[in-house]
Amino acid sequence: MPVTSLKLGKLKVVRRQLLQRYEHQPFVSCLAGLYGCQWRRYQRVWAQPGECCCSKVECGSFGLLILTFFLSFVFLYFWSEAQNDYNDFDWFNFGTLGFWFPWSLVLLVVAAALFTYIALLLVLAVCLLTEGQRLYLHWSHKTGIVVTLVFTVTATAILSDLWSKEWKTLLLSLQVTAPFLHVAAVSLMAILSWPIALHFFRMNRKGRQVAVLGLYLSVLFCLYLVPLGMYSPCIKEAGTLGPAPKLIGHRGAPMLAPENTVMSFEKAVEAGGEGLETDVTISYDGVPFLMHDSTLRRTTDVAEVFPNRTHLDASMFTWAELQQLNAGRWFLSQRDPFGTAWSLSEVDRSQAQNQSVPSLAQFLEVAARSGRLVMFDLRRPPYGHPCRDSYINITLQVVQAHINSSQVLWLPSEDREMVHTLDPQLQQTSGEKASIQELTDGHISRLNLHYSTMSQQQISKYQSVNISTNLYVISQPWLYTLAWCAGAQSVTTNSMSVLSTINTPLFLMTPEEYSLMWILTDAVSAFLIIAIFIFHWWRERGLTFWSGSRQTQENGPYSKFRTELSDVWSISSVNIRPDTQSTPSSPITPHLPTITEE
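Encoded structure:
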């Protein structure tokens, strides 16, 4: 008896219900449960041949998931590469909010957690697509995606406004990480080729096929060509790498002792620093002393000793008053800026908590005893200060009395010509770029530039006329590597003890090695992607694989997609009792429907 279309439809329904009741798929159940809270088999729907993988709403959710993934990755990468300046960020917030808290680390942890969450959702979605499931994202995850997107966009906008220079840091980091990011991105595209090829050959609309394949190939080819536009000073011919940059302790060794204290500078000398950097202010009675901030609030106990003068300019205190302050206890308290105070020995902790505000003379004596270079910023006293017009002469007199002038990198730009005339042995140092002619006319022998302005070409140009370049403040090993490859003669650092142990750049290869690296990556990925597309094309057309003389029939994910007559069962003489037929939405009973033969 011929099978009618109605009977065939009934058989399909019966088969689907039987599979939903008895087919055990723990992997798919786990994926669908985590992604859409669809833990029961009957809640899930297979994507039938020719159908889209999800509804319009779910397509929008999936697109938003992909967008959030890329934006959260960019923000996480941006903020993780900004670790070099976390200390500045936290102190900026201290000055704004009035209390200390490691906001930079909290922001990093939150960004990492949200990115991990979004990445896991994307992995679940790709796995479900690979298994041929229609996507359904639970409302709680949709809320999580929106929250992550809002957080990412808001944080990026705020940091871009307050800390825009960090985008330059990100661009610099690509000169070290780009080769590895390229390998990771191409590998990811090779992995994604599996679900893309699977659904590409199951689509019955040419427009969709062209759109999906065109988008995929466009991204892939862009990634293949990215290395052509990459530049890094660490890709250079063998034997052309110069000596490692000398290390100058930024306010001493602030990871090992309270900044701008005698202990901090002694620790910097012990760690192998060849120079010491500090900040000089003039007291109300004309004594140059060391203090970075305009007030004493951050690095002293002025709030306890002079509670009514916490916001007063540091230069408005006399030297006798400054000597009453403790400049070390803050380092061991909750304000531990680098999270390193726990590593100090009991002797060091005792010494740190008894540090006082040092004078410029004490600082110079430490440098003179150890034969180290010194460099300092000199802050002009405010209006009403008795030394406002004589602060340079006062400072110069102290320098000449306590150290050899040739050890001093004179950074203040005010009255530079007069200073050079009074003491031509000082190494005149400029904090700004200028033409070679202007620098030589100003007797400049060294530049002190922010690391974000790093340029191998400019450093080489200045070096050709014996003008050295110092980059500040570099505390991360990858930045130190970049400065080394760029040819910088010295760097100012907070992490003296860390950078002094680096003997070779973290990333260094010849142009030939790099070309081989990216060509092999592109070639291997292209081969794998083509093989995956051929594989799915073959399986979609029901072709068979042969292993020697043994034929193995197709199985795997595609066996779940078949709804052809041969997959339903052998129905040449099958009939179904109408009274036992269920609808697709009816509950599943534990007994099998009655099937009889005519």
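Each residue of the sequence shown is one higher than the one before, counting from 772 in the numbering used here.
Cβ coordinates follow ideal geometry from the N, Cα and C atoms, glycine included.
From a predicted model like this one, the values you see are computed outputs, not experimental measurements.
Would you report the Cα separation of A1294 and A1009, rounded to the nearest angstrom?
Taking the Cα positions, A1294 is about 26 Å away from A1009.
Contiguous beta strand (DSSP E) assignments of at least 3 residues, all confined to the segment 1081–1153:
Whole beta strand (DSSP E) segments, 3+ residues: 1144–1149.
For H912 and C830, what's the separation of their Cα atoms in angstroms?
One C-alpha to the other measures close to 14 Å.
Just how far apart, CA to CA, sit P820 and Q980?
Residue placement at P820 cannot be trusted, given a pLDDT of 49 that sits under 50; what the coordinates show is reported in the next sentence. Going from the Cα of P820 to the Cα of Q980 covers about 13 Å.
Going along the chain, which unbroken runs of the alpha helix (DSSP H) with 4 or more residues stay wholly within the segment 824–904?
Listed in chain order, the complete alpha helix (DSSP H) runs (minimum 4 residues) inside the segment 824–904 are 827–851, 857–868, 874–901.
Taking Cβ to Cβ, would you say R1022 is nearer than 8 Å to S1035?
For R1022 and S1035, yes; Cβs fall inside 8 Å.
Return yes when the Cβ of R1150 is within less than 8 Å of the Cβ of V1051, no when it is not.
It is a contact, given that the beta carbons lie within the stated cut-off.
Quick one: residues in its chain with C-beta nearer than 8 Å to the C-beta of G804, no 5 flanking neighbours on either side, listed in chain order?
Within the same chain, G804 has close Cβ partners W810.
Between the alpha carbons of V1244 and G1044, how many angstroms are there, rounded?
The alpha-carbon atoms of V1244 and G1044 are separated by roughly 14 Å.
Cβ pair W850, L878 closer than 8 Å
Yes, these two residues count as a Cβ contact at 8 Å.
Can you give me the start and stop residues for the beta strand (DSSP E) that R1069 sits inside?
Where R1069 is concerned, there is no enclosing beta strand (DSSP E), given that its DSSP letter is neither H nor E.
May I ask you to report which of helix, strand or coil DSSP gives M1062?
Looking at M1062 - three-state DSSP - the assignment turns out to be coil, as it is neither helix nor strand.
Within this structure, are the beta carbons of H767 and H1214 separated by less than 8 Å?
Given a span of 772 to 1369 for the chain in the structure shown, any question on residue 767 remains unanswerable.
With H, G and I counted as helix, E and B as strand and the rest as coil, what does DSSP make of W1309?
The answer is helix: DSSP assigns W1309 an H, G or I state.
Assign K1038 to one of two classes, buried (16 or more other C-beta atoms within 10 Å of its C-beta) or exposed (fewer than that).
Classification of K1038: buried, given that the 10 Å Cβ count is 16 or more.
Find the nearest neighbour of F840 within the set R905, G915, Y907, judged by alpha-carbon distance.
Ranking R905, G915, Y907 by Cα distance to F840 puts G915 first.
Residue from T1081, S1104, L988, V1033 whose Cα sits closest to the Cα of I1300
When each option's Cα is compared against that of I1300, the closest is L988.
Within 10 angstroms of the Cβ of P1152, are there 16 or more other Cβ atoms? Answer buried if so, exposed if not.
The residue is buried, with at least 16 neighbouring Cβ atoms inside 10 Å.
Comparing the CB of A1009 with every heavy atom of the ligand NAD, is any distance shorter than 7 Å?
What this structure holds is no ligand at all, so the ligand NAD is not there to describe.
Are the CB atoms of T919 and S843 within a distance shorter than 8 Å?
Yes, the Cβ-Cβ distance between S843 and T919 is below 8 Å.
Give me the residue from S800, N975, L943, I837 with the minimum Cα distance to L892.
Ranking the options by Cα distance to L892, first place goes to I837.
Every unbroken alpha helix (DSSP H) inside the segment 905–940 [4 residues or more]
If only uninterrupted alpha helix (DSSP H) runs of at least 4 residues are considered, those enclosed by the segment 905–940 are 910–933.
Unbroken beta strand (DSSP E) run spanning I1273, endpoints
Looking at the DSSP string, I1273 is not in any beta strand (DSSP E), and its letter there is neither H nor E.
Between the alpha carbons of V880 and T927, how many angstroms are there, rounded?
The alpha-carbon separation between V880 and T927 amounts to approximately 15 Å.
Got a sec, what are the start and stop residues for the alpha helix (DSSP H) P1240 sits in?
Checking the sequence, you will find Thr at residue 1240 rather than Pro. Annotation for T1240: no alpha helix (DSSP H) segment contains it, though the beta strand (DSSP E) segment containing it runs 1239–1243.
Under the rule that 16 or more other beta-carbon atoms within 10 Å means buried, what is A1254, buried or exposed?
With 16 or more Cβ atoms within 10 Å of its Cβ, A1254 is classed as buried.
Please report the Cβ distance between I1165 and P1059, rounded to the nearest whole angstrom; I am assuming they are in contact, meaning their Cβ atoms lie under 8 Å.
Rounded, the Cβ-Cβ distance is 6 Å, consistent with contact.
For S1114 and L1277, the rounded distance between their alpha carbons:
L1277 and S1114: Cα-Cα distance of roughly 26 Å.
Near L1210, what residues of its chain come up, given a Cβ to Cβ distance below 7 Å and the 5 sequence neighbours on each side ignored?
Once the five neighbours on either side are set aside, the close Cβ partners of L1210 are S1201, I1238.
Return the Cβ separation of I1303 and W965 in integer angstroms, given the expectation that the two are a contact with Cβ distance under 8 Å.
Separation of the CB atoms of I1303 and W965 is rounded to 6 Å, and the pair is thereby assigned contact status at 8 Å.
Exposed or buried, F1298, counting other C-beta atoms within 10 Å across all chains shown (16 or more means buried)?
By the neighbour-count rule (16 or more Cβ atoms within 10 Å), F1298 is not buried but exposed.
M1026 beta carbon less than 8 Å from that of F1102
No; because the gap between Cβ atoms is not below 8 Å, this pair is not in contact.
Closest by C-alpha distance to S931, when choosing among S1206, V845, Q946, P1016
Minimum Cα distance to S931 is reached at V845.
Can you tell me whether F951 is buried or exposed, with buried defined as 16 or more other CB within 10 angstroms of its CB?
Its Cβ having fewer than 16 others within 10 Å, F951 is exposed.
Roughly how many angstroms separate the alpha carbons of L1012 and L1218, rounded to a whole number?
Counting only the Cα atoms, L1218 lies some 21 Å from L1012.
For Q1168, three-class secondary structure by DSSP
Helix at Q1168.
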